[in-house]
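To start, the structure itself, in structure tokens.
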Amino acid sequence: MTVALTTDELREVTRYAVACAEAALPIFERDCADDARARAVLDEARKFVDGGNRTKALRMAAFDAHRAAREAVSEPAAHAARAAGHAGGAAYLHPLAKATQVLHILGSAAHAARAIELDGGSDFVETAQGLAGPIVVAVLTRYPNAPGGGGRVGELIRSLDASLRT
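Just so you know, we're using the numbering used here here: the sequence shown kicks off at 30 and counts up by one.
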């Protein structure tokens, strides 16, 4: 079974993911000051959001941000880099009606929330709810509920998923 998605909807989902990742980016840049990979993927994702194509550069920048997460010097910085990587990955949301695709929509928000939480900041889930516009919610509701598992990040995804569906 497939989910109908337009390029404009993919852009809105990516815009949302970028906005969420940007909230945690200062954590990564503070802890990994010499590493530009998290910022680079957000720059590439913004090009798509602003009307560009989904490019190999965007896909590679997303992979690079995930590598930066594995190499980060702190757990909050690692989650901030994952949030950025997921923002790049949001542009590649698949039209497969599978719960795992919800991670493409909400992964950036959940990792940003975890980074902020670990860094002693406020609850970002409520902020992430406010950042999700009607198009993001409409796309999300075409997919099954978020899957189980995933530790604390999985809990944050399911919490955000449930709140956006109501």
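Beta carbons are placed, not taken as given, at the ideal position from N, Cα and C, and that holds for glycine. None of the values given here were measured: they were computed from a predicted structure.
Listed in chain order, the non-local C-beta contacts of Thr31 below 8 Å within the same chain comprise Pro124, Leu125 and Ala126, local neighbours out to five positions each way being set aside. Cβ-Cβ separation between Leu34 and Ala113: approximately 22 Å, too far for a contact (criterion under 8 Å). Look at Leu125 here: in three-state DSSP terms it is strand. Straight-line spacing of the CA atoms in Lys76 and Cys49 works out to 16 Å. Judged by their CB atoms, Ala119 and Ala191 are not nearer to each other than the 8 Å cut-off. For Thr31, the pairing in a beta bridge is given by DSSP as Leu125.
DSSP places Gly183 in the helix class (H, G or I) of the three-state scheme.
Here Ala65 carries a coil assignment [DSSP, helix/strand/coil]. In chain order, Phe77, Ala120 and Tyr121 place their CB closer than 7 Å to the CB of Arg83, counting only its own chain and leaving out the 5 sequence neighbours on each side.
Under the DSSP assignment, Val102 falls outside any alpha helix (DSSP H); it carries neither an H nor an E label. CA-CA distance, Gly80 to Gly150, rounds to 33 Å. Contact between Leu135 and Val154 is ruled out by a C-beta separation of about 10 Å, above the 8 Å threshold. The alpha-carbon separation between Gln158 and Ala142 amounts to approximately 11 Å.
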